[in-house]
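Structure, as structure tokens:
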Amino acid sequence: MAAKFFIPAVNVLGQGALDDAIGDICTLGFKHALLVTDQPLVDIGLVTQVTSKLQQQDIQATVFAGVQPNPTVANVNAGLALLTQHQCDFVISLGGGSPHDCAKGIALVATNGGSIKDYEGVDVSTKPQLPLVAINTTAGTASEMTRFCIITDESRHIKMAIVDKNTTPVLSVNDPELMLKKPAALTAATGMDALTHAIEAYVSIAANPITDACAIKAIELIAAHLESAVNDGNNIAAREQMAYAQFLAGMAFNNASLGYVHAMAHQLGGMYDLPHGVCNALLLPYVQAYNAQVAAPRLADVAKAMGVNTQGMSADMGAQGAITAIKALAKAVNIPASLTELGVNPEDIPTLAANALKDACGFTNPKQATHEEICQIFTHAL
Ligand SMILES: [Fe+2]
Numbered sequence: 000m001a002a003k004f005f006i007p008a009v010n011v012l013g014q015g016a017l018d019d020a021i022g023d024i025c026t027l028g029f030k031h032a033l034l035v036t037d038q039p040l041v042d043i044g045l046v047t048q049v050t051s052k053l054q055q056q057d058i059q060a061t062v063f064a065g066v067q068p069n070p071t072v073a074n075v076n077a078g079l080a081l082l083t084q085h086q087c088d089f090v091i092s093l094g095g096g097s098p099h100d101c102a103k104g105i106a107l108v109a110t111n112g113g114s115i116k117d118y119e120g121v122d123v124s125t126k127p128q129l130p131l132v133a134i135n136t137t138a139g140t141a142s143e144m145t146r147f148c149i150i151t152d153e154s155r156h157i158k159m160a161i162v163d164k165n166t167t168p169v170l171s172v173n174d175p176e177l178m179l180k181k182p183a184a185l186t187a188a189t190g191m192d193a194l195t196h197a198i199e200a201y202v203s204i205a206a207n208p209i210t211d212a213c214a215i216k217a218i219e220l221i222a223a224h225l226e227s228a229v230n231d232g233n234n235i236a237a238r239e240q241m242a243y244a245q246f247l248a249g250m251a252f253n254n255a256s257l258g259y260v261h262a263m264a265h266q267l268g269g270m271y272d273l274p275h276g277v278c279n280a281l282l283l284p285y286v287q288a289y290n291a292q293v294a295a296p297r298l299a300d301v302a303k304a305m306g307v308n309t310q311g312m313s314a315d316m317g318a319q320g321a322i323t324a325i326k327a328l329a330k331a332v333n334i335p336a337s338l339t340e341l342g343v344n345p346e347d348i349p350t351l352a353a354n355a356l357k358d359a360c361g362f363t364n365p366k367q368a369t370h371e372e373i374c375q376i377f378t379h380a381l
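In terms of numbering that gives the first Met the number 0, the sequence shown has 21 at position 22, counting the first letter as 1, and numbering is strictly consecutive.
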């Protein structure tokens, strides 16, 4: 099967990336941005920092700071109303996955019409979205460079997976200076999300040599630098390596897609409004234990990339080594120990499992599961 590779046309990474990117935005020729962000970034002054840099280049910005941690259909509608009212000609997202996903929803509906609910699934839209510049502040969801857009439908209590080439931003920005001083728990959760992207892409049935290279390098970098970034939020070198790692993981899963960890984590997020990265971190070892039935050699590669000495090990032993290393890293960065600790009710598991099987992220998992098997995986993580 032929492979397609999706990535923004221009991607700026490393210290000083924001100033560099402002020059790139100027060359795009837009005049008035809808800047999609969340209130904490307004409160710490980051939004003003960006809008004043834009203003110096005669680019106006209308700020929409109403994005919730798990962005909703209502958030998309509110941003869209502001965009229409101010006749914005492009969108800038500033923040982590939530502002990027909400901005993609706004930009997609701005040109395609209807409701964001109309675009659930793979490549449902017909027109390019309004141009989107994504400035990232966490490492990360990689939403600043992917075609994945996850929006919570409040009425159905589910997260909709919108996988659409038209949601790819035109420009992504990863400046580690914008990632400094982020809380340790946020750094840990987003870092484990990136690790999940890399591992799910590596064992995906849609993996290819390009996504494999990206995934393995991402796993190596995360294993080497996540703890340092969590323990010292101002460690700019660790932040920069994590920015590269999450971008590489994004390149991998944007093209090889994901698996049951994300399909299942989306349901926990939709039902209990829990942090995405924490749900992934908790489910990751249990889904990989299930996947080891068919993907043990691949998981042995993951173990090696995480620093396990796999010499002389069988593939099954290597896979077990990966699962142990994942659990150890999650523990080292203080991820909660179980779904029970997060308040997950065992009675909800059959519903969570039924919805997980409908999530597009699960379609590329290396082994397709029954409803009962998904229930079992959830139960192991309790
Ligand atoms: Fe994710």
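No residue lacks a Cβ here, since even glycine has one placed at the ideal position from N, Cα and C.
It should be emphasised that the depicted structure is a prediction, and the values quoted were computed from it without experimental measurement.
Beta-bridge partners of residue i, as assigned by DSSP
i, result
"residue 190", "Note: residue 190 sits in no beta bridge, so no partner."
"residue 310", "None, per the DSSP bridge assignment."
"residue 148", "161"
"residue 94", "135"
"residue 63", "35"
"residue 170", "9 and 132"
"residue 89", "32"
"residue 121", "162"
Run of the alpha helix (DSSP H) containing residue i, from where it starts to where it stops
i, result
"residue 278", "275–304"
"residue 45", "45–54"
"residue 354", "348–355"
"residue 83", "72–84"
"residue 16", "16–27"
"residue 238", "235–255"
"residue 265", "259–271"
"residue 374", "370–379"
Terminal residues of the beta strand (DSSP E) in which residue i lies
i, result
"residue 224", "Counting along the chain, residue 224 falls outside any beta strand (DSSP E), though it belongs to the alpha helix (DSSP H) covering 208–230."
Nearest residue (CA-CA) to residue i, options the options
i, options, result
"residue 379", "137, 285 and 273", "285"
"residue 73", "58, 192, 108 and 40", "108"
"residue 64", "58, 44, 55 and 52", "44"
"residue 252", "170, 343 and 213", "213"
"residue 390", "88, 71 and 283", "Residue 390 falls outside the range modelled here, since the chain spans only 0 to 381, and no answer is possible."
"residue 196", "342, 111, 142 and 128", "142"
"residue 201", "328, 190 and 304", "304"
"residue 122", "83, 97, 154 and 165", "165"
"residue 189", "342, 21, 168 and 140", "140"
"residue 277", "41, 31, 328 and 39", "328"
"residue 153", "12, 13, 266 and 128", "266"
"residue 100", "116, 147 and 86", "147"
"residue 330", "296, 239 and 229", "229"
"residue 9", "364, 317 and 172", "172"
"residue 444", "348, 250, 333 and 281", "Because the chain is modelled from 0 through 381, residue 444 falls outside the range shown and cannot be assessed."
"residue 14", "185, 184, 179 and 211", "179"
"residue 17", "37, 133 and 75", "133"
"residue 358", "288, 23 and 257", "257"
"residue 94", "234, 37 and 260", "37"
"residue 268", "312, 203, 80 and 156", "156"
"residue 218", "46, 106 and 307", "307"
"residue 211", "119, 322, 300 and 120", "300"
"residue 185", "39, 11, 35 and 355", "39"
"residue 177", "83, 319, 116 and 236", "236"
"residue 296", "242, 349, 313 and 347", "313"
Integer Cβ distance of residue i from residue j, believed to fall under 8 Å
i, j, result
"residue 381", "residue 335", "Not confirmed; about 12 Å, so no contact."
"residue 124", "residue 163", "5 Å"
"residue 365", "residue 293", "5 Å"
"residue 21", "residue 56", "6 Å"
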